[in-house]
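Peer 1: What follows is a structure written as structure tokens; I'll ask about it next.
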Amino acid sequence: MNIAVFGAGTTGLASGVCYAELNHSVICMDVKKEHTGGYLRGEVVIYEPGLQELVVRNMNAGRLSFTTDIDLAVRQSEIIVLAVGTPSLPNGEANLAYIEQATRDIALAMNGPKTIMTKSTVPVGTNHKLQTLLASLTDHPFDVVSVPEFLREGSAVRDTFNPDRIVIGADRPEAAEAIVALHRPLTTNIVQTDIRSAEMIKYASNAFLATKISFINEIANICEKVGADVTKVAEGMGHDHRIGHSFLRAGIGYGGSCFPKDTQALIQIAGNVDYEFKLLKSVVDVNQDQRFSIIHKLQHIFGELQGRTVAVWGLAFKPNTDDVRDAPALDIIQALIAQGANVRACDPIALPNFRARCDHERIAWCADALEAACDADAICLLTEWPEFGGFDLARLKQVMRRPVLIDGRNVYSAEQVEASGFIYSSIGRPALNRGLDAPAPLPLA
């Protein structure tokens, strides 16, 4: 098949590479010249493990190409994949300006029958609106099919090639046939439904996963007060097949481009039909509060944070990505600065992206975790990059002003902490904490 992918971000590029690997001819169209220019040189501007190698291999094989020419992409293709961004508006609703513009561009360039496959996350009813828009601009026959994506940043390649399921929403069975055939090599677990249900499946899935994260973080907060260990609680819960182990790791909450955006959008979707989604509103509130538990733990140890130097390990919202959108580190660092602290920040990949969003004269940008820890009063571990979990804490103690570690992702074990001499605080594991019962806050050096 000849396939065009509109939008060369993580979703679009991973999808395009996947279809090329399946021996289809794929052209990725992006209006951002800095994206397509880099891709044409074999340089993937998105950090995603394994993606660059696949791009180069399929370009060299002649199955994958890039362009900014909308007409060329549309006219060469039978299937057109919409994978453009739908970011949040200030009121939480999805911004559909980009997908609507892409639809107009496609309609005006159409030269024959096309199947438009929507992978962008869009509110229920959007695909039908796109159908109406297309019909008003072209006389060529077309079908619109909803195929929501479920990939995770940091494992986008693996998720694209090994999906749990493929959801295909179409109004006509005939419209779904080619899309089913396209995805059958990836999995036999293909769910066919109507368009509106497919749109809702995406939002419902992300909202449920966000709910699991906020739930286990609430359990962690209770564990800290009653002396239970949230990691053991989560393990015991996860063995129940009705619950499962995934998304039950306590920490400082979710971030990134999907969960925050999609939870807010679903709240707005419900509100637009006069339904108050009370549960999901609470999920969002819990998640926002959870990231500030780091600040509360520092205040418990030090009292006021004025004049303290805090090392921040991890700026991306999760490991294996350079995405800092709605990362907990954004709020935490801004709160530290607001309370008079100085910050020494590091991240293996995401530091340039974070600095572009949150630069300040009181942030020192460090090359690695050890440099960030030098002369610091405390370390706050915010992203569970593997390199942050392997430190000899006794050695780390020697370079710090105060041996304080706030482990926001429960990376360190009891054995690592026990003999280190660190003042240590984690999330929902009170038995592992050390040195938190001091009679008075630590004085400035």
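11 is the number of the first residue of the sequence shown in the numbering used here; add one for each residue after it.
A virtual CB, placed ideally from N, CA and C, is assigned to each residue, including glycine.
Small disclaimer: the values here were computed from a predicted structure and weren't measured.
Using the C-alpha atoms, what's the distance from residue 161 back to residue 412?
Peer 2: Walking along the sequence shown from the start, residue 412 turns up at place 402. Walking along the sequence shown from the start, residue 161 turns up at place 151. Distance between the alpha carbons of residue 412 and residue 161: 41 Å.
Peer 1: Return helix, strand or coil for residue 3, following the three-state DSSP convention.
Peer 2: Outside the modelled stretch of the chain, which goes from 11 to 455, sits residue 3, for which no answer is possible.
Peer 1: Count the other C-beta atoms from every protein chain shown that fall within 10 angstroms of the C-beta of residue 90, then say buried if there are 16 or more, exposed otherwise.
Peer 2: By 1-based counting over the sequence shown, the position of residue 90 is 80. By the neighbour-count rule (16 or more Cβ atoms within 10 Å), residue 90 is buried.
Peer 1: Of the choices 208, 440, 336 and 251, whose alpha-carbon is the least far from that of residue 127?
Peer 2: Locating residue 127 in the sequence shown gives position 117, counting from the first residue. Of 208, 440, 336 and 251, the residue nearest in Cα terms is 208.
Peer 1: Can you tell me whether residue 284 is buried or exposed? The criterion is at least 16 other CB atoms within 10 Å of its CB, across all chains shown.
Peer 2: Along the sequence shown, read from residue 1 onward, the residue named residue 284 stands at position 274. Exposed, because fewer than 16 other Cβ atoms sit within 10 Å of the Cβ of residue 284.
Peer 1: Which one of 18, 360, 321 and 332 has the shortest CA to CA distance from residue 342?
Peer 2: Residue numbering aside, residue 342 sits at position 332 when the sequence shown is read from its first letter. It is 321 whose Cα lies nearest to the Cα of residue 342.
Peer 1: Could you give the distance in angstroms between the alpha-carbon of residue 418 and the alpha-carbon of residue 351?
Peer 2: One-based indexing of the sequence shown puts residue 418 at position 408. One-based indexing of the sequence shown puts residue 351 at position 341. Between residue 418 and residue 351, the C-alpha separation is close to 18 Å.
Peer 1: Opposite residue 354 in the DSSP bridges: which residues?
Peer 2: Numbered from 1 along the sequence shown, position 344 holds the residue referred to as residue 354. According to DSSP, which records beta bridges pairwise, residue 354 is partnered with 321 and 374.
Peer 1: Going by the CB atoms, is the gap between residue 36 and residue 61 shorter than 7 Å?
Peer 2: Reading the sequence shown from its first residue, position 51 is the one you call residue 61. Reading the sequence shown from its first residue, position 26 is the one you call residue 36. Contact flag unset, no.
Peer 1: Mind checking residue 218: buried by the 16 CB within 10 Å criterion, or exposed?
Peer 2: The residue labelled residue 218 in the question sits at position 208 within the sequence shown. The residue in question, residue 218, is exposed, as its Cβ has fewer than 16 Cβ neighbours within 10 Å.
Peer 1: Out of 272, 228 and 118, point me to the one whose CA is closest to residue 261's CA.
Peer 2: Position 251 of the sequence shown, counted from the start, is the residue given in the question as residue 261. Checking every option, the nearest Cα to that of residue 261 belongs to 228.
Peer 1: Taking 7 Å as the limit between beta carbons, can you name the residues of its chain near residue 185, skipping five residues before and five after?
Peer 2: The residue you call residue 185 lines up with position 175 of the sequence shown. Excluding sequence neighbours, residue 185 sits near 125, 153 and 155.
Peer 1: Out of 107, 422 and 202, point me to the one whose CA is closest to residue 389's CA.
Peer 2: Here residue 389 corresponds to residue number 379 of the sequence shown, with the count starting at 1. Here the closest residue by C-alpha is 422.
Peer 1: Which runs of the beta strand (DSSP E) at least 3 residues long sit entirely within the segment 271-324? Give them in chain order.
Peer 2: If we require 3 residues or more, the beta strand (DSSP E) runs fully inside the segment 271-324 come out as 319-323.
Peer 1: Use the C-beta contact count for residue 348: other C-beta atoms within 10 angstroms, 16 or more gives buried, fewer gives exposed.
Peer 2: Position 338 of the sequence shown holds residue 348. So residue 348 counts as exposed.
Peer 1: With 16 other CB atoms within 10 Å as the buried threshold, where does residue 221 fall?
Peer 2: The residue given as residue 221 occupies position 211 in the sequence shown. So residue 221 counts as buried.
Peer 1: Between residue 330 and residue 148, what straight-line distance do the alpha-carbon atoms span, to the nearest angstrom?
Peer 2: Sequence index remark: in the sequence shown, residue 330 carries index 320 (1-based). Sequence index remark: in the sequence shown, residue 148 carries index 138 (1-based). When rounded, the distance between both Cα atoms is 43 Å.
Peer 1: Smallest Cα separation from residue 196: which of 28, 323 and 327?
Peer 2: Here residue 196 refers to the residue found at position 186 of the sequence shown. Nearest C-alpha to residue 196: 28.
Peer 1: For residue 145, name the three-state secondary structure that DSSP assigns.
Peer 2: Here residue 145 refers to the residue found at position 135 of the sequence shown. Residue 145: helix per DSSP, three-state reduction.
Peer 1: According to DSSP, simplified to helix, strand and coil, what is residue 422?
Peer 2: Locating residue 422 in the sequence shown gives position 412, where the first residue counts as 1. Note: residue 422 maps to coil in three-state DSSP.
Peer 1: Is the beta carbon of residue 94 sitting closer than 7 Å to the one on residue 17?
Peer 2: Working through the sequence shown from its first residue, we reach residue 94 at position 84. Working through the sequence shown from its first residue, we reach residue 17 at position 7. The answer is yes: Cβ separation under 7 Å.
Peer 1: Residue 171 by DSSP, collapsed to three states: which one?
Peer 2: The sequence position of residue 171 within the sequence shown is 161, counting from 1. Helix at residue 171.
Peer 1: State buried or exposed for residue 435, treating a residue as buried only when at least 16 other CB atoms are found within 10 Å of its CB.
Peer 2: For the purposes of this step, residue 435 is taken as residue 425 along the sequence shown, with counting starting at 1. Burial call: buried.
Peer 1: Hey, residue 158 and residue 109 are a contact pair by Cβ (cut 8 Å); roughly how many whole angstroms apart?
Peer 2: Sequence index remark: in the sequence shown, residue 158 carries index 148 (1-based). Sequence index remark: in the sequence shown, residue 109 carries index 99 (1-based). Not really, about 13 Å apart at Cβ, beyond 8 Å.
Peer 1: Would you mind sorting residue 245 into buried or exposed? The rule is 16 or more other CB atoms within 10 Å of its CB.
Peer 2: Within the sequence shown, residue 245 is the residue found at index 235, counting from 1. Under this definition residue 245 is an exposed residue.
Peer 1: So is residue 239 buried or exposed if we call it buried at 16+ other beta carbons inside 10 Å?
Peer 2: Counting from one through the sequence shown, the residue named residue 239 turns up at place 229. Its Cβ being crowded by 16 or more others within 10 Å, residue 239 is buried.
Peer 1: How far does the beta strand (DSSP E) with residue 349 in it reach, from first residue to last?
Peer 2: Locating residue 349 in the sequence shown gives position 339, counting from the first residue. That residue, residue 349, is in no beta strand (DSSP E); it is neither H nor E in DSSP.
Peer 1: Going straight from the alpha carbon of residue 66 to that of residue 97, what length do you get?
Peer 2: Walking along the sequence shown from the start, residue 66 turns up at place 56. Walking along the sequence shown from the start, residue 97 turns up at place 87. Taking the straight line from one Cα to the other gives about 29 Å.
Peer 1: Thinking C-alpha only, which one of 325, 338, 335 and 398 is nearest residue 375?
Peer 2: Working through the sequence shown from its first residue, we reach residue 375 at position 365. Cα-wise, what sits closest to residue 375 is 325.
Peer 1: Tell me the DSSP bridge mates of residue 439?
Peer 2: Residue numbering aside, residue 439 sits at position 429 when the sequence shown is read from its first letter. According to DSSP, residue 439 bridges with nothing at all.
Peer 1: By how many angstroms is the C-alpha of residue 250 removed from the C-alpha of residue 445?
Peer 2: As a first step, residue 445 must be located in the sequence shown, where it is residue number 435. As a first step, residue 250 must be located in the sequence shown, where it is residue number 240. Taking the straight line joining both Cα atoms gives about 35 Å.
Peer 1: Within the chosen definition, does the segment 366-374 reach the segment 384-399 through at least 3 CB pairs nearer than 8 Å?
Peer 2: The segment 366-374 vs the segment 384-399: no contact.
Peer 1: Identify which residue in 414, 425 and 21 has its Cα closest to the Cα of residue 169.
Peer 2: The residue given as residue 169 occupies position 159 in the sequence shown. Comparing Cα positions, the closest option is 21.
Peer 1: Let's test the definition: count the other Cβ atoms within 10 Å of the Cβ of residue 232 and tell me whether it reaches 16, buried, or not, exposed.
Peer 2: Here residue 232 refers to the residue found at position 222 of the sequence shown. Result: exposed.
Peer 1: Between the alpha carbons of residue 416 and residue 68, how many angstroms are there, rounded?
Peer 2: By one-based count along the sequence shown, residue 416 stands at place 406. By one-based count along the sequence shown, residue 68 stands at place 58. When rounded, the distance between both Cα atoms is 44 Å.
Peer 1: Which of the three DSSP states, helix, strand or coil, is assigned to residue 446?
Peer 2: Locating residue 446 in the sequence shown gives position 436, counting from the first residue. Coil at residue 446, not helix or strand.
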